[in-house]
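See structure below.
In this note's numbering, the protein residues as written are 2 to 96.
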């Protein structure tokens, strides 16, 4: 596993998602990651419908096609910023 890369899916879901999105299996050519472009763009949590799958896989494929160090660093920084923002919102909500 890597820090940045496509988020892993359950094995049971791989065949199902491959039917929904052409190019889905290309994601398997790189190590899965803890965070990725899809998460930075707001696609987090359980996928609720085919559109969620398509958006996430499109982000994964974009990452694979355009990978470079600055993109990877940007994803890490975006993940940190999103986490800090979420924590701040939670603090204000609990007041």
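Heads up, the beta-carbon is just placed ideally off N, CA and C, and yes, glycines get one too.
Quick one: residues in its chain with C-beta nearer than 7 Å to the C-beta of residue 76, no 5 flanking neighbours on either side, listed in chain order? 5, 36, 37, 38, 41
For the putative contact between residue 27 and residue 62, defined by C-beta atoms under 8 Å, what is the C-beta separation to the nearest angstrom? 6 Å
Near residue 57, what residues of its chain come up, given a Cβ to Cβ distance below 6 Å and the 5 sequence neighbours on each side ignored? 39, 44
Where does the unbroken beta strand (DSSP E) through residue 6 begin, and where does it stop? Note, residue 6: premise wrong, no beta strand (DSSP E); not H, not E.
Which residues in the same chain have their Cβ closer than 7 Å to the Cβ of residue 54, if we skip the five residues on either side of it in sequence? 18, 21, 22, 48
Put residue 75 into one of helix, strand or coil per three-state DSSP. helix
Between 3, 24, 33, which lies nearest to residue 10 when the distance is taken from Cα to Cα? 33
Compare the C-alpha of residue 3 against each of 73, 90, 25 and name the closest. 73
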